[in-house]
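K.L.:
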Amino acid sequence: MIQLRDVNHHICSVDGDLEILKAITLQIDAGETVAITGSSGSGKTTLLGMLAGLDIPTSGEIVVEGSNLTTMNEDQRALFRAKSVGFVFQSFHLLDALTALENVLLPLELAGNNQGEAEAKAFLEQVGLSHRLKHYPSQLSGGEQQRVAIARAFAAKPQYLFADEPTGNLDQATGSHIIDLLFDLNRQHKTTLVLVTHEPRLASLCRRQIVIENGQIISDKKSELSDV
Ligand SMILES: Nc1ncnc2c1ncn2[C@@H]1O[C@H](COP(=O)(O)OP(=O)(O)OP(=O)(O)O)[C@@H](O)[C@H]1O
Ligand SMILES: [Mg+2]
């Protein structure tokens, strides 16, 4: 379970003090599927980064399984992320000096698994990239980089998976396949999924839909439909 209690986030920019997140109070239960939608610049990526322990807010608390991320130091949060979190970034964040396979192997190695090559290959095969194992990110298309990022996020079988527009660069068929993989992970491993998306179809597959505008939650609904 992830709890956000009165989370506010400010950034000092050249335009002055910007309020990016305002008074966000939210609880996400284990195994939930949650879509976060809202217009560009509304704060979705910032919120996702907070939920995943990548960043800490200006004020308020973020508590995951009873551990307070907001009082941990950077090393403790890094350990929490390595153990429990998979993250698919909007801009992929692949390591340029590593091949596709090495990028996917990295979280396995960080989790202490040095025998992960077959597993990493299997994940890349699942996202349709077994023919691109030795390519570097600069040699991959945007959609291919996105799929490597997804395979990497899956690799350590995280308890929480956060994905920022995971299908944003994919054609319909590839996107549908990736969505199936995400929800398979939720069903098979009870992975909690939190997805930022502009796609109504993907949002509607999640059990819960949160809408954020101007840094505030303006709607938080659970659908009657079961997770697909
Ligand atoms: N480091 C920063 N410095 C200044 N402003 C920032 C910074 N990070 C984010 N912002 C601003 O905060 C707001 C929210 O950004 P965020 O990336 O969370 O939006 P988003 O909802 O994910 O948008 P998109 O749908 O375009 O990805 C934006 O207006 C952005 O310009
Ligand atoms: Mg964003």
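The sequence shown runs 1443 to 1670 under the working numbering. For every residue, glycine included, the Cβ atom is placed at its ideal position computed from N, Cα and C.
Per DSSP, what are the beta-bridge partners of residue 1386 in this structure?
P.N.:
In this structure the chain extends from 1443 to 1670, so residue 1386 is not present and cannot be described.
K.L.:
Are residue 1455 and residue 1657 closer than 8 Å when you measure CB to CB?
P.N.:
No, the pair does not count as a contact, with Cβ atoms beyond the cut-off.
K.L.:
Between residue 1662 and residue 1479, what straight-line distance do the alpha-carbon atoms span, to the nearest angstrom?
P.N.:
Using only the alpha carbons, I get a separation of about 10 Å.
K.L.:
CB residue 1591 to CB residue 1547, shorter than 8 Å?
P.N.:
No. Outside cutoff.
K.L.:
In angstroms with no decimal places, state the Cα-to-Cα distance between residue 1393 and residue 1579.
P.N.:
Nothing can be reported for residue 1393: it is not among the residues displayed for the chain, which extend from 1443 to 1670.
K.L.:
What number of angstroms, rounded off, separates the C-alpha of residue 1466 from the C-alpha of residue 1477?
P.N.:
Approximately 16 Å between the Cα atoms of the pair.
K.L.:
Could you check whether the Cβ of residue 1460 sits closer than 7 Å to any heavy atom belonging to ligand 1?
P.N.:
Checking the Cβ of residue 1460 against ligand 1 gives yes.
K.L.:
Once the 5 residues before and after residue 1469 are set aside, which same chain residues still bring their CB inside 6 Å of it?
P.N.:
The answer, listed in chain order, is 1445.
K.L.:
Quick check on residue 1628: does DSSP put it in helix, strand or coil?
P.N.:
Helix at residue 1628.
K.L.:
Just the residues with CB closer than 5 Å to a heavy atom of ligand 1, in chain order, which are they?
P.N.:
Working through the chain, the matches are 1453, 1455, 1462, 1482, 1483, 1484, 1485, 1486, 1487 and 1488.
K.L.:
Given a cut-off of 8 Å, decide if residue 1527 and residue 1384 are closer than it, judged by their beta-carbon atoms.
P.N.:
The question about residue 1384 has no answer, for the chain in this structure spans 1443 to 1670.
K.L.:
If you follow the alpha helix (DSSP H) that residue 1531 is in, where does it begin and where does it stop?
P.N.:
Segment: none, residue 1531 is in no alpha helix (DSSP H) and carries neither H nor E.
K.L.:
How is residue 1713 classed by DSSP in three states: helix, strand or coil?
P.N.:
Coverage of the chain is limited to positions 1443 through 1670, which leaves residue 1713 absent and any answer about it impossible.
K.L.:
Under the three-state reduction of DSSP, which class applies to residue 1643: helix, strand or coil?
P.N.:
Correct three-state label for residue 1643: helix.
K.L.:
Here's the rule I'm using: 16 or more other beta-carbon atoms within 10 Å means buried, otherwise exposed. How should residue 1576 be labelled?
P.N.:
Result: exposed.
K.L.:
Mind pulling the alpha helix (DSSP H) runs of 4 or more residues that sit fully within the stretch 1448 to 1517?
P.N.:
Counting whole runs of 4 or more residues, the stretch 1448 to 1517 contains the alpha helix (DSSP H) stretches 1486 to 1493.
K.L.:
Would you list, in sequence order, the uninterrupted alpha helix (DSSP H) runs of no fewer than 4 residues that lie entirely inside the stretch 1518 to 1598?
P.N.:
Correct list: 1542 to 1552, 1559 to 1568 and 1584 to 1597.
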